[in-house]
Amino acid sequence: MSTFVDRILETVVARNPAEPEFHQAVREVLESIAPVIAKRPELARAKIVERVVEPERQVIFRVPWVNDKGEVQINRGFRVEFNSAIGPYKGGLRFHPSVNLSIIKFLGFEQIFKNALTTTPIGGGKGGSDFDPKGKSDLEVMRFCQSFMSELFRHIGPDTDVPAGDIGVGGREIGFMYGQYKKLTNTFTGVLTGKGLSYGGSLARTEATGYGLVYFVTRMLQSRGTDWKNKSVVISGSGNVAIYATERAQQLGARVIALSDSNGYIVDNDGIKLDTVKRIKEIERGRIKEYVAAHKTAKYYDGCQDIWTVPCEVALPSATQNEIDRKAAEALVKNKCIAVAEGANMPSTPEAVEVFHNAGVSFGPAKAANAGGVATSALEMAQNSMRLNWPFEEVDRRLHQIMNDIYDQCVAASETYGAKGNLVIGANIAGFLKVAEAMLAQGVV
Ligand code: NDP
Ligand code: 2IT
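Residue numbers (the working numbering): 33 to 477.
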């Protein structure tokens with residue numbers, strides 16, 4: 033089994049040097065699917081795994097733009113079209129100074145299996161730029177987005193590749209990119225998701241990742257014979273995913289007591305007042321620190337990492353990759369945390385996941401737990417194709433159903449392959465098998 037993992041990983045590392053996040057994501061999937069390959073020689077013969085770790089297409093491009101002072105700026109743009117076996121490439125765009133090829137490839141690789149789990153017909157892709165929207169004026173963001181789309185537009189399309197948001201890309205950025213795509217192609221199509229409601233966006237897409245995460249955790253808690261009522265919850269980040277996970281968890285009776293950003297975290301033992309967070313983050317584009325000015329009983333702590341030392345029963349890492357290491361996981365376990373589910377992509381290191389599994393903490397991996405966002409993007413694509421809009425309740429009902437299906441698929445696959453209770457293995461196997469069957473059927477392409 034380990035020969036299989038080592039052999040493929042060796043090639044991946046040699047062919048993609050200096051891409052540690054990509055290697056990390058590939059290793060986890062390989063370790064999970066090794067028993068499937070052992071049982072299915074036709075997948076080995078067709079070299080499905082060797083093919084799935086190689087992106088179908090990778091585009092890297094220059095993004096020049098002019099800032100408000102009239103100075104020329106140069107960023108780098110990426111779009112990795114990873115796998116189109118089950119549908120058009122689909123996945124977000126991340127704008128953050130840390131973006132590089134390794135980050136985009138790990139995200140694109142994860143997206144293949146996540147999208148397969150949603151049961152909607154979408155392939156896997158990801159893109160972005162090392163552009164930092166923080167501290168930029170709206171006009172600077174617009175000029176950047178227009179320049180970014182001036183190259184990206186020739187690679188995407190409603191039946192080819194459909195980007196959306198991720199870190200640093202929300203409604204404002206999607207709007208500017210959509211406008212530029214429309215101007216360049218003279219078409220009005222569903223080429224991006226996460227659009228504004230006035231020009232083809234879906235109700236509930238904004239809420240979907242966070243709400244979906246909460247629906248997934250509901251099932252994890254049910255399997256332990258409990259629910260959200262009065263549970264203390266710590267959520268990292270204070271962006272799109274964190275805000276709407278907080279909202280839905282609170283509606284279900286949970287006590288969300290901490291949120292963060294990359295500078296630090298707040299603790300409000302009376303429960304986070306989400307209206308204040310929405311004002312600071314969504315309207316004023318401020319920092320989470322400002323929360324304590326409005327709520328004197330809350331406390332702010334510098335440094336985001338120590339948020340995991342805040343005692344809680346449920347932890348939802350919803351900021352970024354590798355934010356929970358072994359030490360943070362041990363702190364959560366020590367404080368009697370019973371469930372951890374990943375709102376962010378790959379927020380737990382492999383060592384942290386091991387700590388959770390060994391301690392009997394229920395663990396919901398990203399590609400299952402945060403799939404509600406992209407699933408609802410697929411619902412947005414469906415509505416755009418039909419040229420109609422479903423009501424909020426209809427989209428939310430479908431999202432809820434999809435999250436329940438994903439949970440059931442993960443449990444079933446984990447049991448079939450002798451790893452009951454391990455949702456990491458379940459998610460990887462269930463997602464992989466769907467993509468593998470489609471690749472097998474379509475021949476060597
Ligand atoms: P946002 O840009 O809305 O928010 C990101 C949040 O995470 C901010 O609070 C940000 O703080 C914090 N953050 C970002 N980078 C770091 C870092 N290096 N260290 C500490 N904190 C950091 O992004 P989203 O909420 O959309 O995305 C959050 C996570 O969820 C990402 O991992 C994304 O890939 C994942 N995800 C998003 C989906 C979506 O639909 N949006 C779907 C599925 C997964 P600061 O302001 O200081 O940067
Ligand atoms: O990581 C993710 O799944 C996303 N950022 C959402 C992608 C999408 O196409 O909606």
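C-beta atoms are modelled at their ideal positions from N, C-alpha and C, and glycine is treated no differently.
It should be emphasised that the depicted structure is a prediction, and the values quoted were computed from it without experimental measurement.
Would you please state the rounded distance, in angstroms, between the beta carbons of residue i and residue j? I believe it to be under 8 Å.
i: residue 395; j: residue 476; result: The Cβ separation is near 36 Å, so there is no contact.
i: residue 351; j: residue 379; result: 7 Å
Cutting at 8 Å between CB atoms, please list the residues of its own chain near residue i, excluding the five before and the five after it.
i: residue 61; result: 141, 145, 460, 464
i: residue 320; result: 270, 291, 292, 293, 295, 296, 297, 298, 309, 312, 313, 332
Quick one: Cα of residue i to Cα of residue j, how far?
i: residue 148; j: residue 431; result: 15 Å
i: residue 439; j: residue 364; result: 23 Å
i: residue 285; j: residue 244; result: 16 Å
i: residue 138; j: residue 242; result: 21 Å
i: residue 433; j: residue 233; result: 20 Å
i: residue 470; j: residue 116; result: 10 Å
i: residue 372; j: residue 441; result: 19 Å
i: residue 57; j: residue 213; result: 32 Å
i: residue 369; j: residue 283; result: 21 Å
i: residue 131; j: residue 38; result: 27 Å
i: residue 288; j: residue 273; result: 14 Å
i: residue 89; j: residue 443; result: 33 Å
i: residue 70; j: residue 405; result: 33 Å
i: residue 418; j: residue 222; result: 10 Å
i: residue 237; j: residue 230; result: 13 Å
i: residue 87; j: residue 302; result: 47 Å
i: residue 343; j: residue 451; result: 29 Å
i: residue 135; j: residue 54; result: 7 Å
At what residues does the beta strand (DSSP E) containing residue i begin and finish?
i: residue 426; result: Per DSSP, residue 426 belongs to no beta strand (DSSP E); it is in the alpha helix (DSSP H), 424-448.
i: residue 291; result: 287-292
i: residue 104; result: 104-115
i: residue 212; result: Segment 203-217 is the alpha helix (DSSP H) holding residue 212; no beta strand (DSSP E) there.
i: residue 371; result: 371-373
Looking at the structure shown, is residue i part of a helix, part of a strand, or coil, going by DSSP?
i: residue 284; result: coil
i: residue 59; result: helix
i: residue 178; result: helix
i: residue 163; result: coil
i: residue 188; result: coil
i: residue 340; result: helix
i: residue 458; result: helix
Check for me: the alpha helix (DSSP H) holding residue i runs from which residue to which?
i: residue 237; result: 237-254
i: residue 144; result: 133-149
i: residue 390; result: 382-391
i: residue 82; result: 80-84
i: residue 417; result: 404-418
i: residue 36; result: 34-47
Below 6 Å CB to CB, which residues in the same chain sit around residue i once its five sequence neighbours on both sides are set aside?
i: residue 165; result: 127, 173, 200
i: residue 205; result: 177
CB-CB under 7 Å to residue i, same chain, minus the five flanking residues each way: which ones, in chain order?
i: residue 391; result: 365
i: residue 217; result: 185
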